[in-house]
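Residue numbers (the working numbering), protein chains in the order written: chain A, 14 to 179; chain B, 22 to 128. Every residue gets a Cβ at the ideal spot worked out from N, C-alpha and C, and that includes glycine. The structure appears right after this line, and notes come after that.
Next up, the structure:
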């Protein structure tokens, strides 16, 4: 029915009633967490490339250390971004709409820890799957449809994006 | 507006989740001002904010109507201030919200 009325709207141009918030509205976006997970996956790929070498030069050892440090840092970014959206944005109406968000957010914390503890691509992909699911729920609470596309840069993994075009 | 019925597109999140952003609201004018009550969702021609959809928070003893949003970030009742009943244009009859289905599966 909504789709039908939307089509009528394109013909008859219904006027808009505003249900607006204090300006500016708070800004929340799960893309921060998604990009942080993609970074972790890319770092694991680079670490695996290094692990295939028989011995490491001093520069390669420095790069190894840097990659590990960055993976740690981005794991924390995932946790922080999800915690802020879950803790500050989600409120009772959104909890009523998606009661599974509590368990999902907690499972993201555990999956991020697991991805931080090991150089394990499967653990990072598991984290991405959960964060994508979180992003889809987040956009659904705003009435915004989403689609899945492969990110146009390494590590070329599926990512949930909001359909923002009119 | 046709035969006392009007359709409007909702813009903004302050009435979410009952009236989410981009939903369509059908309003009617078949109401008596004296029958308006708390929690009625109404279309308002607000002197400061323009055409709004809000919920009636309370009606004071002077007959002024105070409005509220459903979301905590809505502009507050104090900011909107009391309005006269003639600013209430219509009452909400039906909402058609966009249907968003979750497609991803947790593995």
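Taking 8 Å as the cut-off, does the segment 96-111 of chain B touch the segment 35-55 of chain B (at least 3 CB pairs, one atom from each stretch)?
Cβ pair count under 8 Å is three or more, so yes.
Simplified DSSP assignment, three categories, for residue 68(A)
coil
Just confirm the distance between the C-beta atoms of residue 171(A) and residue 159(A), as a whole number of angstroms; I'd bet it's less than 8 Å.
Actually they are not in contact, since the Cβ atoms of residue 171(A) and residue 159(A) sit about 12 Å apart, beyond 8 Å.
Please report whether the beta-carbon of residue 103(B) lies at a distance below 9 Å from any beta-carbon of chain A.
no
Compare the beta carbon distance of residue 139(A) and residue 126(A) with 9 Å and say whether it is the shorter of the two.
Not a contact, by the Cβ cut-off of 9 Å.
Which partner residues does residue 87(B) have in the DSSP bridge list?
Residue 87(B) is bridged to 79(B).
Answer yes or no: does any C-beta atom of chain B fall closer than 9 Å to that of residue 94(A)?
no
With a threshold of 9 Å between beta carbons, is residue 106(B) in contact with chain A?
no
Within 8 Å, do at least three Cβ pairs link the segment 71-82 of chain A to the segment 143-161 of chain A?
no
Range covered by the beta strand (DSSP E) that runs through residue 182(A)
Residue coverage of chain A in this structure runs from 14 to 179, which leaves residue 182(A) outside it and unanswerable.
With H, G and I counted as helix, E and B as strand and the rest as coil, what does DSSP make of residue 72(B)?
strand
Whole-Å CB distance - residue 32(B) paired with residue 32(A), under 8 Å assumed:
7 Å
Answer yes if the segment 98-109 of chain A comes into contact with the segment 52-71 of chain A, meaning at least three C-beta pairs across the two stretches below 8 Å, and no otherwise.
no
Taking DSSP as the reference, what is the three-state secondary structure of residue 16(A)?
helix
Inter-stretch contact at 8 Å, needing at least 3 Cβ pairs: the segment 92-111 of chain B / the segment 63-74 of chain B:
The segment 92-111 of chain B, when compared against the segment 63-74 of chain B, does touch it at the 8 Å Cβ threshold.
Examine chain A for any beta-carbon lying closer than 9 Å to the beta-carbon of residue 46(B), and answer yes or no.
yes
Cβ shell of residue 136(A) (< 6 Å), same chain only, five flanking positions each side left out:
127, 128
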